[in-house]
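Contents: one structure, followed by commentary.
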Amino acid sequence: MTTSLLPCCSLGSLSAAFSPLGTSLSVPENQSLNFSVAATTFPSFIKINTTWYLNGSLIPAQTDVPSYAFLTNYSSAGNYTLRCVVENGEFTLSHDWNIAVLNVNRLPFFTYLNPPSPVSLSHRATTTFSVSASDLDN
1 MTTSLLPCCS
11 LGSLSAAFSP
21 LGTSLSVPEN
31 QSLNFSVAAT
41 TFPSFIKINT
51 TWYLNGSLIP
61 AQTDVPSYAF
71 LTNYSSAGNY
81 TLRCVVENGE
91 FTLSHDWNIA
101 VLNVNRLPFF
111 TYLNPPSPVS
121 LSHRATTTFS
131 VSASDLDN
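Residue numbering for the sequence shown follows the working numbering, beginning at 1 and increasing consecutively.
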């Protein structure tokens with residue numbers, strides 16, 4: 001996926017470009033989305049603080065990190081809000097993304113086969129087959 005950073009916000013001496021562009025995104029379960037911010041301030045020696053929030057809760061390991069990888073698994077279907085906040089002590093800019101994680105139907109699989117594979121029988125032989133299967137989505 002190619003992303004581009006475009007100046008999106010400027011307030012006083014603080015500017016920030018958030019990626020990906022837009023506010024509504026979707027991703028299938030077991031996939032990821034990458035987010036980033038490029039912020040500048042004037043004068044350049046002023047520290048820029050970056051904070052990431054998922055559904056309103058601070059993501060502690062993402063403090064002062066300019067990027068965030070939104071990782072999903074097969075239990076992640078649903079809606080999420082990711083917010084990135086940058087501030088320089090005087091001005092604050094933020095961007096929200098609404099993320100829809102789409103359910104992915106996994107294939108069922110056999111948990112038991114009897115007789116075990118491969119089966120070799122004469123054309124007049126009879127046998128009984130037993131099968132058990134599991135579907136992790138149900």
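Don't be surprised by glycine CBs; every beta carbon is placed ideally from N, CA and C.
Quick caveat: nothing in here was measured; it's all calculated off a predicted structure.
When only Cα atoms are considered, Gly89 and Leu14 end up about 10 Å apart. In the structure shown, Ala38 falls within a strand segment according to DSSP collapsed to helix, strand and coil. In the DSSP assignment, Thr111 falls within the beta strand (DSSP E) that extends over Phe109 to Asn114. Taking the Cα positions, Phe110 is about 12 Å away from Ser117. Boundaries of the beta strand (DSSP E) around Phe18: Leu14 to Ser19. By the 16-neighbour rule on beta-carbons within 10 angstroms, Thr128 is exposed. The DSSP assignment places 78 to 87, 92 to 102 and 109 to 114 as complete runs of the beta strand (DSSP E) inside the stretch 73 to 114, in order along the chain (cut-off: 3 residues). Burial of Ile99 is indicated by the presence of at least 16 other C-beta atoms within 10 angstroms of its C-beta. If you look at Ala61, you'll find it isn't in any beta strand (DSSP E); DSSP assigns it neither H nor E. Note that the C-beta distance between Thr63 and Val86 is not below 7 Å. With a 10 Å radius around the Cβ and a threshold of 16 neighbouring Cβ atoms, Ala125 comes out exposed. Short of 8 Å from the beta carbon of Leu102, and not among the five residues preceding or following it, lie these beta carbons of its own chain, in chain order: Ser26, Val27, Pro28, Glu29 and Ala77. Per the coordinates, the alpha-carbon of Gly22 lies some 7 Å from the alpha-carbon of Trp97.
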